[in-house]
Amino acid sequence: MTGLPVTELSTRAREIFRMVVESYISSGQPVGSKTLAGGGALNLSSASIRSVLADLESLGLLAAPHTSAGRLPTEQGLRLFVDAMMQVAEPTAEERAAIERQLDVRGPIEAALAATSAVLSDLSACAGVVMVPRREPRLAQLSLVPLGPGRALAVLVGEDGAVENRMIELPGLVRSGALEEASNYITARLAGRTLSEAVRAMRAEIAGGRSALDAASRDLVERGLAVWSEDSLRRPVLIVRGQANLLDEQALGDLERIRSLLDDLENKQSVADLLDSAREAEAMRIFIGSENRLFALSGSSVIASPYRDREGRVVGVVGVIGPTRLNYARIVPMVDFTAQSLGKLIG
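The numbers in the sequence shown follow numbering that gives the first Met the number 0, run straight up by one, and end at 346.
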């Protein structure tokens with residue numbers, strides 16, 4: 000947060016500063032005194048406006064990229080605007096409907112999260128990011144269905160109603176009824192547990208001689224659970240969509256900055272670590288430019304909000320990454336609405 004309270008600015012300086020920031024966010028171009036005077040809203044001469052612009056520059060809120068090329072807000076200026084002057088706008092009915100449609104997806108939770116990050120990217124014209132909840136699904140049913148010699152389909156039904164399928168290899172010939180016996184064992188004895196809990200419980204029961212399964216059925220149980228345990232370890236901790244949105248005409252004029260940004264996005268663990276700060280803060284976080292070390296070189300901004308389950312526990316983070324001239328007033332409430340909607344989905 001900038002150290003300058005907005006109350007220290009005169010009414011005239013606040014209005015000119017606000018107009019510069021909003022014009023810059025809209026166009027990405029420096030704003031000059033003639034442009035501000037030409038709008039007629041200020042009822043001031045170009046000379047008077049230039050004097051105020053110079054004062055704002057001396058305070059570190061504006062900068063002149065070139066001589067007589069107008070002013071741009073600095074990162075400090077954008078922080079002051081976001082914290083003290085911005086008036087947020089609620090997402091439109093169309094935006095809310097577009098986000099909610101992506102959450103109404105059957106199947107793995109990751110599919111809904113990927114769709115959500117994609118639509119958030121489209122609506123914001125930024126890169127959309129979602130951290131996957133750090134949790135394992137609980138079993139309701141696991142069935143092993145024969146597909147032919149040496150192959151079976153493991154069908155997992157979670158307590159949340161999600162259904163997923165995985166192929167497993169069978170060890171040679173399997174006696175008739177072994178797949179059904181293994182399926183019934185898993186469902187009857189291990190339902191309600193997470194995958195890791197199920198594997199531990201199964202192995203403890205078999206090792207203790209408390210299982211009535213024969214060797215063949217025990218092997219099938221092990222294989223059926225193992226394919227899901229391995230799968231959960233491979234699930235991404237972060238989903239990123241819409242990197243191409245970052246390649247606008249203005250960005251292409253600074254290829255080194257864009258190369259740095261895309262390299263940063265490729266390092267998903269570092270991005271996840273950054274978003275973790277929003278999880279820990281349990282509130283919306285806005286990083287502008289060099290306020291975060293990861294995107295300091297590319298001069299990018301991050302808007303991130305945690306999302307919670309129905310018990311109020313933070314389970315993940317959703318947000319956008321884009322240039323510092325983001326339309327914060329529009330995107331902040333959009334990210335917040337997405338986080339609330341994800342919370343309803345997670346349950």
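The beta carbon of each residue, even a glycine, is placed where N, CA and C say it ideally should be. Source: prediction; values computed, not measured.
Straight through space, the alpha carbons of Q101 and V317 are spaced by roughly 14 Å. Segment contact: the region 313-329 against the region 76-90, three or more CB-CB distances shorter than 8 Å; contact assigned.
A Cβ-Cβ contact shorter than 8 Å links L246 with I257. About 13 Å separates the beta carbons of I302 and V270, which is beyond the 8 Å limit, so they are not a contact pair. Pairing E158 with S216 gives a Cβ-Cβ distance that is not under 8 Å. With contacts defined as CB atoms closer than 8 Å, L146 and Y184 fail to qualify as a contacting pair. Straight-line measurement puts the Cα of A190 at about 19 Å from the Cα of L152. Per DSSP, the beta bridge partners of M166 are L152. Assignment of A303 by DSSP, reduced to helix, strand and coil, places it in the strand class.
Residue pairing by DSSP places G127 opposite R240 and V319 in a beta bridge. Here L172 is exposed: its Cβ has fewer than 16 other Cβ atoms, across all protein chains shown, within 10 Å.
Boundaries for V81: no alpha helix (DSSP H) harbours it, and the DSSP string shows neither H nor E there. Taking a cut-off of 8 Å for Cβ pairs, the region 22-34 and the region 45-63 touch, as three or more such pairs fall below it.
Rounded to the nearest whole angstrom, the CA to CA distance from V239 to G127 is 6 Å.
A distance below 6 Å between beta-carbons, with the five flanking residues on each side excluded, links A83 to the following residues of its chain, in chain order: V5. Contact between L143 and G223 holds: CB atoms are separated by about 5 Å, below the 8 Å threshold. A Cβ-Cβ separation of about 6 Å places A197 in contact with L138 under the 8 Å criterion. The criterion of a C-beta distance shorter than 8 Å is not satisfied by F336 and R165. The straight-line gap separating the alpha-carbon atoms of Q140 and E255 is approximately 52 Å. Between L58 and E21, the alpha-carbon positions lie close to 19 Å from each other. The DSSP assignment places 194-206 as complete runs of the alpha helix (DSSP H) inside the region 193-226, in order along the chain (cut-off: 4 residues). Annotation for D308: V314, G342, I345 and G346 place their beta carbon closer than 7 Å to its own, counting only its chain and skipping 5 residues before and after.
Shown here, P64 sits in coil according to DSSP, grouped into three states, outside any helix or strand. Considering only S297, A282 and A295, the residue with the shortest C-alpha distance to A338 is A282.
In the three-state scheme derived from DSSP, where H, G and I count as helix and E and B as strand, R292 is classed as coil.
Spanning the alpha carbons of G298 and V87 requires a straight line of approximately 23 Å. The C-alpha of A12 lies about 14 Å from the C-alpha of R70. In this structure, I287 keeps its C-beta atom at 8 Å or more from the C-beta atom of S276.
Taking 8 Å as the cut-off, the beta carbon of L112 is found no closer than this to the beta carbon of V81. G147 carries a strand assignment under DSSP once its states are collapsed to helix, strand and coil.
Look at S45 here: in three-state DSSP terms it is helix.
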